[in-house]
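Protein chains: 2
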Amino acid sequence: MREVAIIGCGMIRFGELWKKSLRTMFVEAALKAIDDAGVDRIDALYVGCMTSGLFVEQEHLGALLADYLGLAPIPAIRLESACASGGVALRQGFLDIGSGNSEVVLVGGVEKMTDTDRVTDGLASAADQEYEVFHGVTFPGLYAMIARLHMEHYGTKREDLALVAVKNHKHGTMNPHAHFQREITVDQVLASSLVADPLRLLDCSPVSDGAACVVLSSLEWAKAHGKTPVKIIASAMATDTLALHQRKEITTLGSVVESGRKAYAMAGVGPDQIDFAEVHDCFTIAEIVVSEDLGFFKKGEGGKAVREGLTGLDGKIPINPSGGLKAKGHPVGATGVAQAVEAYLQLTGRAEKRQIKDARIGLIQNMGGSGASSVVHILEVV
Amino acid sequence: MREVAIIGCGMIRFGELWKKSLRTMFVEAALKAIDDAGVDRIDALYVGCMTSGLFVEQEHLGALLADYLGLAPIPAIRLESACASGGVALRQGFLDIGSGNSEVVLVGGVEKMTDTDRVTDGLASAADQEYEVFHGVTFPGLYAMIARLHMEHYGTKREDLALVAVKNHKHGTMNPHAHFQREITVDQVLASSLVADPLRLLDCSPVSDGAACVVLSSLEWAKAHGKTPVKIIASAMATDTLALHQRKEITTLGSVVESGRKAYAMAGVGPDQIDFAEVHDCFTIAEIVVSEDLGFFKKGEGGKAVREGLTGLDGKIPINPSGGLKAKGHPVGATGVAQAVEAYLQLTGRAEKRQIKDARIGLIQNMGGSGASSVVHILEVV
Chain A
1 MREVAIIGCG MIRFGELWKK SLRTMFVEAA LKAIDDAGVD RIDALYVGCM TSGLFVEQEH
61 LGALLADYLG LAPIPAIRLE SACASGGVAL RQGFLDIGSG NSEVVLVGGV EKMTDTDRVT
121 DGLASAADQE YEVFHGVTFP GLYAMIARLH MEHYGTKRED LALVAVKNHK HGTMNPHAHF
181 QREITVDQVL ASSLVADPLR LLDCSPVSDG AACVVLSSLE WAKAHGKTPV KIIASAMATD
241 TLALHQRKEI TTLGSVVESG RKAYAMAGVG PDQIDFAEVH DCFTIAEIVV SEDLGFFKKG
301 EGGKAVREGL TGLDGKIPIN PSGGLKAKGH PVGATGVAQA VEAYLQLTGR AEKRQIKDAR
361 IGLIQNMGGS GASSVVHILE VV
Chain B
1 MREVAIIGCG MIRFGELWKK SLRTMFVEAA LKAIDDAGVD RIDALYVGCM TSGLFVEQEH
61 LGALLADYLG LAPIPAIRLE SACASGGVAL RQGFLDIGSG NSEVVLVGGV EKMTDTDRVT
121 DGLASAADQE YEVFHGVTFP GLYAMIARLH MEHYGTKRED LALVAVKNHK HGTMNPHAHF
181 QREITVDQVL ASSLVADPLR LLDCSPVSDG AACVVLSSLE WAKAHGKTPV KIIASAMATD
241 TLALHQRKEI TTLGSVVESG RKAYAMAGVG PDQIDFAEVH DCFTIAEIVV SEDLGFFKKG
301 EGGKAVREGL TGLDGKIPIN PSGGLKAKGH PVGATGVAQA VEAYLQLTGR AEKRQIKDAR
361 IGLIQNMGGS GASSVVHILE VV
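Just so you know, the sequences run in chain order A and B. Taking UniProt numbering, the leading residue of the first sequence gets 1, the next gets one more, and so forth. Taking UniProt numbering, the leading residue of the second sequence gets 1, the next gets one more, and so forth.
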């Protein structure tokens with residue numbers, strides 16, 4: 001397979017964007033990415049979006065967005081893997097260029113979540129409709145079960161969960177594209193409304209609108225055209241059962257372990273060589289579990305690691321320098337691509353106040369549902 | 001790019017399948033395809049589905065179906081391009097193997113359309129929500145405008161449209177997987193309920209449940225393992241505006257012309273070398289327009305060609321030997337893959353009563369909406 005690189009990125013500030021529709025958000029992010037890459041050709045468009053059908057009654061986003069960008073008649077496809085839709089869009093763009101079929105590809109993610117009164121129903125479509133949703137459980141409940149068991153098995157403390165949110169909000173204050181740019185305290189998290197015991201409101205990522213894009217090209221093309229490439233040295237995906245009750249164990253996410261394992265093998269690096277990671281902290285417990293399942297910490301020690309500051313900007317392995325889903329916001333289809341935007345900025349030294357010193361290798365992990373799908377990419381400075 | 005082949009296929013009989021859910025339909029079709037290919041490995045799953053969110057409130061189909069097939073933790077992704085979702089799934093499977101990333105891939109399409117009272121709303125999400133659907137137009141209305149203008153510009157007759165349905169129903173009687181397996185007459189079409197003038201009920205493809213799958217591998221792997229490969233010699237996709245009013249011309253579909261042009265160039269063959277075609281006859285007028293836009297007939301002569309029998313099983317270019325969307329049924333996400341199933345059966349001499357003599361090269365064309373996206377594959381006997 002040919003070598004593939006990210007050569008530009010663009011995103012809009014996530015938030016409750018009442019004045020922007022799905023298509024206007026996407027076009028804004030895409031034009032920024034195209035400008036940033038400085039390209040005058042796009043051979044194909046891959047768009048990650050989870051559930052525009054349920055949220056805004058609009059499918060067929062590939063063609064729609066290619067047209068609104070003035071890019072028709074290029075091939076344009078929408079990809080979906082619940083909240084990992086952005087990650088799979090990045091993966092398909094990677095394979096398209098890797099195969100030699102395309103030279104320059106636009107990968108985007110978008111979700112318009114505030115124009116509906118059915119957000120919880122829409123998100124629940126990522127869980128097993130027949131065996132989970134029908135019985136009334138939604139995602140806060142599913143992740144609460146994971147949190148409760150993690151606390152019982154490993155002694156993870158309620159405060160450890162809160163510290164994930166506190167850290168990510170702190171990082172968010174340094175990210176001009178973050179939905180929330182204010183610090184919060186452990187006391188505020190512990191005093192916020194109970195959503196699904198033990199998870200409280202400030203343990204949950206918000207409902208956001210947003211769009212994010214990156215431009216990919218073959219490494220060869222990037223070099224020949226004087227671009228600033230960051231090489232994608234691994235792209236891996238793995239799946240698991242949708243329904244939590246079908247798994248042998250729920251304090252570890254099999255798809256995360258497997259996608260991480262495959263990505264490390266493909267890149268030829270281990271967790272110790274990763275300089276920072278953007279991971280899928282849809283709930284605070286998710287960041288703790290994922291940080292263990294990707295091998296940054298031993299199983300059960302993710303909570304302790306947060307407590308000891310190992311995942312802060314100057315820690316052993318900075319996690320979610322962007323603010324993560326918790327503070328940057330979580331427009332679901334956009335999230336996986338926004339992680340790639342953050343990694344590109346970090347690896348090209350453009351992350352301003354939140355810049356991680358000497359960052360050369362970054363890992364991004366995006367997942368769907370309660371970990372039924374997980375996509376890991378590893379990126380390296382050329 | 002590596003050479004890629006289809007090595008097995010399977011589908012269920014399309015219809016109003018009250019006793020089968022989305023997942024059971026898909027598993028049944030997938031197991032048939034895996035059995036047919038005789039493989040004991042699947043490296044990745046690509047599923048085409050248009051709008052399972054709106055129809056059955058279930059997204060995240062890649063992981064769900066991989067799990068129900070016992071294939072987790074393989075990578076599994078759902079692709080969407082409205083009614084061309086099956087075609088884009090095939091294309092992504094092709095690129096995955098072509099890149100060298102995977103060796104054996106399962107490509108499937110599925111749609112469960114009869115478990116909702118919102119089929120028309122759901123399908124309308126393939127049109128432009130803000131500029132078409134909001135104003136009340138649905139797909140029969142959009143294609144009716146195309147039909148009316150085609151009749152005015154080119155003298156296409158109302159009876160020509162009817163003859164497309166009559167031909168495809170005749171073909172359907174020879175296909176054990178077709179939703180409708182009975183012949184109809186021109187008089188019956190002309191006497192059926194008016195849906196959107198000039199289109200009547202029997203000009204419209206039905207609302208069907210169904211699933212279809214093919215197994216792909218690299219040609220090299222297929223040969224080394226004694227499979228029966230049919231080579232994919234072209235995969236091309238093109239897009240256009242979602243909204244009909246934004247196009248300069250509506251009696252020709254730009255995405256079909258462009259995807260056909262690119263496919264012929266990639267395969268190194270022209271329309272005269274195609275032995276049969278499966279095209280997207282969501283409405284009778286669509287088959288006529290597409291047969292012109294793919295170069296089988298001059299612009300405006302598609303109606304005459306049907307009248308003269310050129311598109312029948314023993315005509316110059318047999319079109320929709322399977323019965324097409326009109327008679328075989330149109331579970332939207334499954335349609336593009338079902339076309340590949342038909343092509344594989346025809347090119348391996350297994351199409352029974354509807355077998356086209358000496359078929360060596362087949363073309364399949366799948367489109368979304370009123371032609372905002374079109375995917376063309378060309379297949380050849382090895």
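Cβ coordinates follow ideal geometry from the N, Cα and C atoms, glycine included. Here the structure is a predicted model, which means the values were calculated and not measured.
- Every unbroken stretch of the alpha helix (DSSP H) spanning 4 or more residues and falling wholly within the stretch 182-230 of chain B is given here in chain order: 186-191, 219-224.
- By alpha-carbon distance to residue 300 (chain B), the top candidate from B:125, B:224, B:58, B:152 is B:152.
- With respect to residue 33 (chain A), residue 8 (chain A) sits close: the two C-beta atoms are nearer than 8 angstroms.
- Residue burial annotation: residue 5 (chain A) is buried, with at least 16 other C-beta atoms found within 10 angstroms of its C-beta.
- Non-local C-beta neighbours of residue 376 (chain A) in its own chain, meaning closer than 6 angstroms and more than five positions away in sequence, comprise 236, 259, 260, 263, 365, ordered along the chain.
- Apart from the 5 residues on each side of it in sequence, residue 118 (chain B) sits with its Cβ closer than 8 angstroms to the Cβ of 54, 55 in its chain, given in chain order.
- The Cβ atoms of residue 256 (chain B) and residue 201 (chain B) lie no closer than 8 angstroms to each other.
- Residue 352 (chain A) counts as exposed, since fewer than 16 other beta carbons sit within 10 angstroms of its beta carbon.
- At least one C-beta of chain A is nearer than 8 angstroms to the C-beta of residue 67 (chain B).
- Against chain A, a Cβ distance below 7 angstroms from residue 56 (chain B) picks out 129.
- Between the C-alpha atoms of residue 157 (chain B) and residue 322 (chain B) there is a straight-line separation of about 24 angstroms.
- Interface criterion met: the Cβ of residue 241 (chain A) is under 8 angstroms from a Cβ in chain B.
- Inclusion of residue 212 (chain B) and residue 108 (chain B) in the CB contact set at 8 angstroms is warranted, their separation being smaller than that value.
- When CB distances to chain A are screened at a threshold of 7 angstroms, the residues of the stretch 224-252 of chain B falling below it are 237, 238, 239, 240, 241, 242, in chain order.
- Residue 221 (chain B) sits buried, since 16 or more C-beta atoms from the chains shown fall within 10 Å of its C-beta.
- Looking from the CA of residue 319 (chain A), the closest CA among A:126, A:302, A:334, A:331 belongs to A:302.
- Taking 8 angstroms as the cut-off, the Cβ atoms of residue 25 (chain B) and residue 17 (chain B) count as close.
- In this structure, residue 329 (chain B) lies away from residue 193 (chain B), with their beta-carbon atoms at least 8 angstroms apart.
- At least one C-beta of chain A is nearer than 8 angstroms to the C-beta of residue 92 (chain B).
- In this structure, residue 101 (chain A) and residue 309 (chain B) do not form a Cβ contact; the two beta carbons are roughly 39 angstroms apart against a cut-off of 8 angstroms.
- The beta-carbon of residue 255 (chain A) is placed less than 8 angstroms from the nearest beta-carbon of chain B.
- The bridge partners DSSP lists for residue 47 (chain A) are A:78, A:108.
- Residue burial is scored here from C-beta neighbours: residue 185 (chain A) has fewer than 16 other C-beta atoms within 10 angstroms and is therefore classed as exposed.
- Under the Cβ criterion (8 angstroms, minimum of three pairs), the stretch 164-172 of chain A does not count as touching the stretch 225-233 of chain A.
- For the 8 angstroms CB-CB criterion, residue 347 (chain A) and residue 362 (chain A) form a contact.
- As DSSP reads the structure, residue 365 (chain B) sits in a beta bridge with B:376.
- If you draw a straight line from the Cα of residue 110 (chain A) to the Cα of residue 48 (chain A), it is about 6 angstroms long.
- The Cβ atoms of residue 239 (chain B) and residue 63 (chain A) lie closer than 8 angstroms to each other.
- Residue 266 (chain A) is positioned such that its CB atom lies no closer than 8 angstroms to that of residue 84 (chain A).
- Under the three-state reduction of DSSP output, residue 119 (chain A) falls in the helix class.
- Check the Cα spacing between residue 274 (chain A) and each of A:316, A:141, A:280, A:183: the tightest is with A:316.
- Excluding five sequence positions before and after residue 137 (chain B), the CB atoms of its chain that fall closer than 8 angstroms to its own CB belong to 127, given in chain order.
- Membership of residue 283 (chain A) in any beta strand (DSSP E) is not indicated, and neither H nor E is assigned to it by DSSP.
- The beta carbon of residue 291 (chain A) lies closer than 7 angstroms to those of 279, 297, 302, 305, 311, 319 in the same chain, with the five residues before and after it left out.
- Taking 3 residues as the shortest admissible run, the stretch 146-183 of chain A contains no complete beta strand (DSSP E) segment at all.
- A distance below 8 angstroms separates the beta carbons of residue 106 (chain B) and residue 42 (chain B).
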